[in-house]
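Engineer: Pasting a structure here, questions to come.
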Amino acid sequence: MTTAEIIEMEEKYIAPTYTRPPIVLDRGAGVYLYDLENNRYLDFIGGIAVNSLGHGVPEIVGAIAQQTAKLIHGSNLYHTTPHVLLAQLLVEHAFPSKIFFCNSGSESIEAALKFTRKWAFGIGGEDKHEIISFEHSFHGRTYGAISATAQPKYHEGFKPMVPGMVYLPFNDIDALDQAVSKERTATVIIEPVQGEGGVNTVQGEFLKHLRMLCDERQVALIFDEIQCGLCRTGKFFAYQHHGIEPDVMTLAKPLAGGLPIGAVMMKPHIAEALKPGMHGSTFGANPVACHTALAVVQKMITENIAEQARKAGEALTDGLHVLQTKHKDIKEVRGSGLLIGIEFEDEVDGIVAACREKGMLVGSAGEKVLRWAPPLVIEQSHIDEALHILEEVLVARGI
Numbered sequence: 000m001t002t003a004e005i006i007e008m009e010e011k012y013i014a015p016t017y018t019r020p021p022i023v024l025d026r027g028a029g030v031y032l033y034d035l036e037n038n039r040y041l042d043f044i045g046g047i048a049v050n051s052l053g054h055g056v057p058e059i060v061g062a063i064a065q066q067t068a069k070l071i072h073g074s075n076l077y078h079t080t081p082h083v084l085l086a087q088l089l090v091e092h093a094f095p096s097k098i099f100f101c102n103s104g105s106e107s108i109e110a111a112l113k114f115t116r117k118w119a120f121g122i123g124g125e126d127k128h129e130i131i132s133f134e135h136s137f138h139g140r141t142y143g144a145i146s147a148t149a150q151p152k153y154h155e156g157f158k159p160m161v162p163g164m165v166y167l168p169f170n171d172i173d174a175l176d177q178a179v180s181k182e183r184t185a186t187v188i189i190e191p192v193q194g195e196g197g198v199n200t201v202q203g204e205f206l207k208h209l210r211m212l213c214d215e216r217q218v219a220l221i222f223d224e225i226q227c228g229l230c231r232t233g234k235f236f237a238y239q240h241h242g243i244e245p246d247v248m249t250l251a252k253p254l255a256g257g258l259p260i261g262a263v264m265m266k267p268h269i270a271e272a273l274k275p276g277m278h279g280s281t282f283g284a285n286p287v288a289c290h291t292a293l294a295v296v297q298k299m300i301t302e303n304i305a306e307q308a309r310k311a312g313e314a315l316t317d318g319l320h321v322l323q324t325k326h327k328d329i330k331e332v333r334g335s336g337l338l339i340g341i342e343f344e345d346e347v348d349g350i351v352a353a354c355r356e357k358g359m360l361v362g363s364a365g366e367k368v369l370r371w372a373p374p375l376v377i378e379q380s381h382i383d384e385a386l387h388i389l390e391e392v393l394v395a396r397g398i
């Protein structure tokens with residue numbers, strides 16, 4: 000089928016929840032994607048930070064084939080091996096915890112909010128139910144997740160939101176001191192690096208103060224590392240930059256190399272509040288997704304992908320700072336590792352489209368921020384190619 004035929008059929012049969020460009024992706028290899036016309040694109044959005052190891056990775060393809068031939072689904076009514084081995088590996092490289100597996104980032108947020116509210120109820124009753132999140136956050140599209148997302152544009156047409164939400168300015172210690180309450184607050188949820196909200200990094204002092212407050216006032220601290228976790232920022236987990244640990248951490252996007260999966264890691268005192276039947280997921284801990292995730296995490300560890308991301312991120316950021324000196328419409332280059340935001344004076348939709356026309360896929364994070372989240376295995380040649388394409392676009396647009 001042709002590109003035009005696919006797009007025409009999509010308009011007829013698919014719900015209009017996305018605006019997609021006029022290309023149809025067909026295959027991927029390494030850090031490149033190809034459309035039906037065999038046009039090649041440097042992938043600098045990585046499936047929105049999902050394809051961290053690239054495309055067509057032999058270990059991922061092999062793991063999928065191996066487990067698919069063995070057992071695709073058995074349900075959570077029975078024990079299986081892959082999710083236990085995956086949980087062990089994650090815990091060994093994070094903090095003492097127990098894990099709940101689900102199918103997506105939004106599902107992991109829903110579970111984390113429920114689990115921490117259940118824990119808080121046990122120590123403070125119904126009054127201890129408030130959930131604090133931060134302006135420009137993004138935690139997902141389901142009702143709990145969107146309610147915790149402190150961006151009004153995502154609430155429009157879907158109100159009322161889940162009750163008990165409190166929204167605070169990001170990196171504002173004074174606001175934090177006033178809002179976190181031992182009697183009312185159940186949990187605080189924060190992204191160490193806000194992805195969708197503009198690629199904003201948390202200040203270390205703020206995060207350490209937040210940890211102290213949560214300890215003092217018996218409040219659960221959730222780190223949403225769905226986008227910034229698993230080597231993206233140059234550490235295995237983003238919280239490791241700051242020398243503190245969360246009580247709960249959510250993971251998803253890159254965990255299974257492109258297959259749907261989510262995970263909630265919770266310290267034992269949170270897990271102890273749970274009982275069989277309180278929460279579940281038919282497809283959670285799916286053997287194929289978990290066996291594949293095991294291969295992904297093992298590769299990340301053995302090949303020190305976090306360090307690769309750190310070095311590549313430094314080189315890419317240095318190159319962007321050089322571009323910034325030439326193009327004054329670039330207001331700021333920010334981020335961590337290979338999660339990078341490039342803020343412009345004006346909207347970036349045209350830049351996203353122009354980059355695609357020149358053979359590079361990039362994303363946005365808000366109206367004025369270009370978001371780069373490429374595979375963590377990019378090399379200097381890919382960095383040079385990306386910088387060259389972006390500069391060509393900026394020059395052509397007179398920016």
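Just so we're aligned: the sequence shown equals residues 0 to 398 in numbering that gives the first Met the number 0. Note that CB positions come from ideal geometry on N, CA and C, so glycine has one too. Computed from a predicted structure; not experimentally measured.
Between residue 280 and residue 101, what straight-line distance do the alpha-carbon atoms span, to the nearest angstrom?
Structural biologist: 6 Å
Engineer: Which two residues bound the contiguous alpha helix (DSSP H) that contains residue 90?
Structural biologist: 81-91
Engineer: Along the chain, where does the alpha helix (DSSP H) that runs through residue 39 open and close?
Structural biologist: Taken as a continuous stretch (DSSP letters only), residue 39 belongs to no alpha helix (DSSP H), being part of the beta strand (DSSP E) at 39-42.
Engineer: Determine, using beta carbons only, whether residue 131 and residue 187 come nearer to each other than 7 Å.
Structural biologist: yes
Engineer: What runs of the beta strand (DSSP E), each 3 residues or longer, lie entirely inside the segment 169-252?
Structural biologist: 184-189, 219-223, 247-250
Engineer: Once DSSP output is grouped into helix, strand and coil, what is the label at residue 137?
Structural biologist: Reduced to three states, the DSSP call for residue 137 is coil.
Engineer: Work out the CA separation of residue 5 and residue 23 for me, nearest whole Å.
Structural biologist: 8 Å
Engineer: The alpha helix (DSSP H) that contains residue 355, what's its start and end?
Structural biologist: 348-356
Engineer: Can you list, in chain order, the residues of its chain with a C-beta nearer than 6 Å to that of residue 119? Leave out the 5 residues immediately preceding and following it.
Structural biologist: 127, 185
Engineer: Could you pull out every residue in the same chain whose Cβ sits closer than 6 Å to the Cβ of residue 30, ignoring the five residues on either side in sequence?
Structural biologist: 42, 53, 374, 377, 381
Engineer: Pair every Cβ in the segment 286-300 with every Cβ in the segment 250-263, then say whether three or more of these pairs are closer than 8 Å.
Structural biologist: Yes, since at least three Cβ pairs between the segment 286-300 and the segment 250-263 fall closer than 8 Å, the two stretches touch.
Engineer: Measuring straight from C-alpha to C-alpha, what distance separates residue 167 and residue 215?
Structural biologist: 19 Å
Engineer: Can you check the segment 263-340 for any alpha helix (DSSP H) of at least 4 residues that lies completely inside it and give the ranges in chain order?
Structural biologist: 267-270, 286-301, 304-325
Engineer: Could you please give me the residues that DSSP links to residue 343 through a beta bridge?
Structural biologist: 329
Engineer: Please report the straight-line C-alpha distance between residue 107 and residue 299, rounded to a whole angstrom.
Structural biologist: 22 Å
Engineer: Counting along the chain, where does the beta strand (DSSP E) carrying residue 100 start and finish?
Structural biologist: 97-101
Engineer: Entirely within the segment 112-169 and at least 3 residues each: give me those beta strand (DSSP E) ranges in chain order.
Structural biologist: 129-133, 164-167
Engineer: Which runs of the beta strand (DSSP E) spanning at least 3 residues fall entirely within the segment 18-58, listed in chain order?
Structural biologist: 24-28, 31-34, 39-42
Engineer: How would you label residue 345, buried or exposed, when you count the other beta carbons within 10 angstroms and need 16 or more for buried?
Structural biologist: exposed
Engineer: Report the CB separation of residue 269 from residue 219 in whole angstroms; it is logged as a contact under 8 Å.
Structural biologist: 6 Å
Engineer: In angstroms, rounded to a whole number, what distance separates the CA positions of residue 226 and residue 248?
Structural biologist: 12 Å
Engineer: Work out the CA separation of residue 297 and residue 62 for me, nearest whole Å.
Structural biologist: 12 Å
Engineer: With a cut-off of 8 Å on the beta carbons, I'd call residue 109 and residue 141 a contact; round off their distance for me.
Structural biologist: Rounded, the Cβ-Cβ distance is 6 Å, consistent with contact.
Engineer: Helix, strand or coil for residue 76? Go by DSSP, reduced to three states.
Structural biologist: coil
Engineer: How about residue 354 and residue 321: are their beta carbons less than 7 Å apart?
Structural biologist: no
Engineer: Verify whether the separation of the beta carbon atoms of residue 312 and residue 233 is less than 7 Å.
Structural biologist: Yes.
Engineer: To the nearest angstrom, report how far apart residue 154 and residue 261 are at their CA atoms.
Structural biologist: 23 Å
Engineer: Does the distance from the CB of residue 137 to the CB of residue 148 come in under 7 Å?
Structural biologist: Contact: yes.
Engineer: Would you kindly report the start and end of the unbroken alpha helix (DSSP H) that includes residue 386?
Structural biologist: 379-395
Engineer: By alpha-carbon positions, which one of 365, 357, 8 ends up nearest to residue 385?
Structural biologist: Here the closest residue by C-alpha is 357.
Engineer: Tell me the DSSP bridge mates of residue 360?
Structural biologist: 42
Engineer: With 16 as the cutoff for other CB atoms within 10 Å, does residue 348 come out buried or exposed?
Structural biologist: Classification of residue 348: exposed, given that the 10 Å Cβ count is below 16.
Engineer: Could you tell me if residue 211 is buried or exposed, where buried requires 16 or more neighbouring beta carbons within 10 angstroms of its beta carbon?
Structural biologist: Exposure of residue 211 is indicated by the presence of fewer than 16 other C-beta atoms within 10 angstroms of its C-beta.
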